[in-house]
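Take the position in the sequence shown, starting the count at 1, then add 819; the result is the number in the numbering used here.
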Amino acid sequence: MMDDTDPFLSLDPQGADWDRLRATGHHLLDMMFDNLRDIREQPVWQPLPTDIRSGFRDAPVPDHGMDIAAFGEAFREQVLPYSVGNRHPGFMGWVHGGGTPVGMLAEMLAAGLNANLGGRDHAPVEVERMVIRWAATLMGFPDTASGLFVTGSSIANFIAVIVASRSAEDGLSLREHGVGRRSLVGYAARSAHGCVSRAFDLAGLGSDALRLVPLDGSFRMDTAALRTMIAADRKAGLEPFLVVGTAGTVDVGAIDSLNTIAKIASEEKLWFHVDGAFGAMAALSPDFRKALSGLEKADSLAFDFHKWAQVPYDAGCVIVRDPARHAAAFAQTLSYLSREDRGVAAGAPWFCDLGPDLSRGFRALKVWATLSVYGTDQLGRMVDHCCAVARHLASRVSSEPALELMAPVTLDIVCFRLLDPALTDEQLDHLNGEVVKDVQESGLAVPSTTRVNGRLVIRAAIVNHRTMAADVDRMVDAVLSLAAKRRSGLSA
Ligand SMILES: Cc1ncc(COP(=O)(O)O)c(C=O)c1O
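Here it is, written out as structure tokens:
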């Protein structure tokens, strides 16, 4: 006879254990609030101590459980101080959003609800549809556009490449027969993020099928070269199907001429996709929205809420203007996933019809919470502020004889470089790279590096709502003093 009353059968607490769990939960929540409130007092980043690292690497699979309070303590000691640092105002590396306490709470609510948004008929699915509609409206797309939340822009761009290729002439046959002997080719500027060429690779088109268009003098796609390349490829018997414009290039934050690309795409009958990973969020600001003109003409758009919109990781999004094309690229009929006219299995189309994932979490909740609690007006002011801090940094760089600004500042990215007439370009590359590591290890700031016109540069992306002018000044001071220290060490 089966005994269902054994308290250990459930993973939930029993009786008074709920009170202990509640007390621990409140304590952990307070710990995170305190930690966020005092974030400025911590180093931006510090290396993980060797003993903690080897503890993770050597830890056996736990066969006996531990108290949640002890687990919380392990997190506080071993993880909390050693994260990448993107919540800190001194973090300016790569393109990392800072997160918010509101997003943190929403993540907790989503985990508590434990909803699966692959499909079916429930409120979380309607929330995701609502937030997709808001996003479409913000970006100037019709509110009938379809879309879904994904991990990030890498996957959002991949989904767009899939939809675009299946929207090409006879493209739906790719679903059963693969690419075969077809030579579908697409175009993006040389400055496009690496995930676009990876999307071509993953889609089975091959990364060579993404033609890289040269840049003009403003780090934007040379659209005359685009026309020439399309014509040459057609002449060679290839099948151009897609052009990708970038709104906010990862290296310098440039915005391709989206109107011109839209015109070329329409004349050439190509799918027009925009990678707006972080830059599309400039749409939140009435001042910067103009710079995105043409984005609203795109057939599809990839962007992230986890970057400039400050939603905690991860929250990428893809929007497709034509819902039928979107669904045609992914929809599948499986008997165990049959869609019904009523009951839990109603509500078609399901999100699993719009991308590769079946099971999906409730990412939309933290985006809903962020947009609702802050409103687009406050988020727009935050975007303006980040751009103002970037301009402040650019003018500080220009005022320092030992530094050189390496690209114009369009949005929130500043690229600069230490100068030294006594050093060759290669030696300067090395110096700049080493000084960035010195600054990171100092815990004062975290810039990163990239290459501009072939030269290694220091790159600061002001994507964190907590970053102020004083923080970028502190970063520049650190660059200058650690460079001086390195030079005196070398000459000593
Ligand atoms: C322009 C651009 N596209 C795509 C990506 C990839 O986005 P994710 O990291 O969310 O996958 C990035 C990341 O920084 C980016 O800047």
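We put the beta carbon where it would ideally sit given N, CA and C, even for glycine. Remember, predicted model here, so these are calculated numbers, not experimental data.
Count the other CB atoms, across all protein chains shown, that sit within 10 Å of the CB of residue i; report buried if there are 16 or more and exposed otherwise.
i: W837; result: exposed
i: G909; result: buried
i: S984; result: buried
i: Q1259; result: buried
i: H1012; result: buried
i: N905; result: buried
i: N976; result: buried
i: A934; result: buried
i: A1207; result: exposed
i: L1091; result: It should be pointed out that residue 1091 corresponds to Phe in this sequence rather than to Leu. When all chains shown are included, F1091 counts as buried.
i: D853; result: exposed
i: D849; result: exposed
i: L828; result: exposed
i: L932; result: exposed
i: F894; result: exposed
i: A942; result: exposed
i: M958; result: buried
i: L875; result: This sequence places Phe at residue 875; Leu is not what is there. Under this definition F875 is an exposed residue.
i: A1209; result: buried
Roughly how many angstroms separate the alpha carbons of residue i and residue j, rounded to a whole number?
i: P961; j: S902; result: 40 Å
i: H1125; j: A1164; result: 31 Å
i: G1174; j: V1137; result: 10 Å
i: A930; j: L840; result: 16 Å
i: F1038; j: D831; result: 56 Å
i: A1313; j: A1081; result: Residue numbering for the chain in the displayed model covers 820 to 1311; residue 1313 lies beyond these limits and cannot be assessed.
i: G912; j: F1107; result: 22 Å
i: M949; j: T1068; result: 28 Å
i: L1089; j: L993; result: 17 Å
i: D1070; j: L1299; result: 22 Å
i: C1171; j: G937; result: 5 Å
i: R1161; j: L1153; result: 18 Å
i: M1294; j: S1157; result: 56 Å
i: P920; j: M927; result: 11 Å
i: M1287; j: T1189; result: 21 Å
i: A1007; j: V1062; result: 6 Å
i: K1116; j: V1186; result: 24 Å
i: V898; j: S1002; result: 48 Å
i: Y1155; j: A1146; result: 19 Å
i: A1376; j: N1272; result: Residue coverage of the chain in this structure runs from 820 to 1311, which leaves residue 1376 outside it and unanswerable.
i: M1055; j: P868; result: Here the sequence assigns Ala to residue 1055, which means Met is not the residue at that position. Near 57 Å, if we compare the C-alpha coordinates of P868 and A1055.
i: M1040; j: R1030; result: 12 Å
i: W953; j: A979; result: 19 Å
i: D1010; j: T956; result: First, the amino acid is wrong: residue 1010 is Ser here, not Asp. Cα to Cα, the separation comes out at about 27 Å.
i: D823; j: P881; result: 25 Å
i: H846; j: Q1246; result: 51 Å
i: A1143; j: S965; result: 9 Å
i: G1180; j: A1167; result: 18 Å
DSSP puts residue i in a beta bridge; with which residues?
i: C1136; result: F968 and F1122
i: A1279; result: V1233
i: G938; result: Its beta-bridge partners do not exist; DSSP assigns none.
i: I1074; result: A1066
i: Y1006; result: R1030 and V1062
i: M1040; result: L1034
i: F1091; result: V1062
i: R841; result: DSSP output for R841 lists no bridge partner at all.
i: E1223; result: R1236
i: V1291; result: DSSP output for V1291 lists no bridge partner at all.
i: S1267; result: R1278
i: G910; result: Residue identity differs from the one stated: residue 910 is Phe in this sequence, not Gly. DSSP lists V1265 as partners of F910.
Cutting at 6 Å between CB atoms, please list the residues of its own chain near residue i, excluding the five before and the five after it.
i: D1052; result: V1004 and P1059
i: D1141; result: none
i: A1148; result: I981, V982 and R985
i: G916; result: H1125, K1126, Q1129 and V1282
i: S1104; result: G1199, V1202 and D1203
i: R1182; result: F968 and A1134
i: D779; result: Residue 779 falls outside the range modelled here, since the chain spans only 820 to 1311, and no answer is possible.
i: A1302; result: L1237 and V1254
i: T1195; result: L1103
Return the chain-ordered list of same chain residues with a C-beta closer than 7 Å to the C-beta of residue i, the five sequence neighbours on each side being excluded.
i: A1213; result: L1224, V1228 and V1233
i: T1042; result: S1076, T1079, I1080 and I1083
i: I974; result: G1135
i: V1235; result: Checking the displayed sequence, the identity of residue 1235 turns out to be Phe instead of Val. Hits under 7 Å: V1216, L1222, E1223, L1224, M1225, V1276 and I1277.
i: Y1132; result: H1125
i: V946; result: A1183, L1184 and W1187
i: R1046; result: I1083
Less than 8 Å between C-beta atoms, sequence neighbours within five positions excluded: which residues of the same chain meet that for residue i?
i: P866; result: Y901 and E1260
i: G1113; result: G1064, S1076, L1077, N1078, T1079, I1080 and A1081
i: T1268; result: N1251, G1252, V1255, L1275, V1276, I1277 and R1278
Would you say residue i lies against chain D (beta-carbon separation less than 7 Å)?
i: D1172; result: Given the protein chain composition of this structure (a single chain), no chain D is represented.
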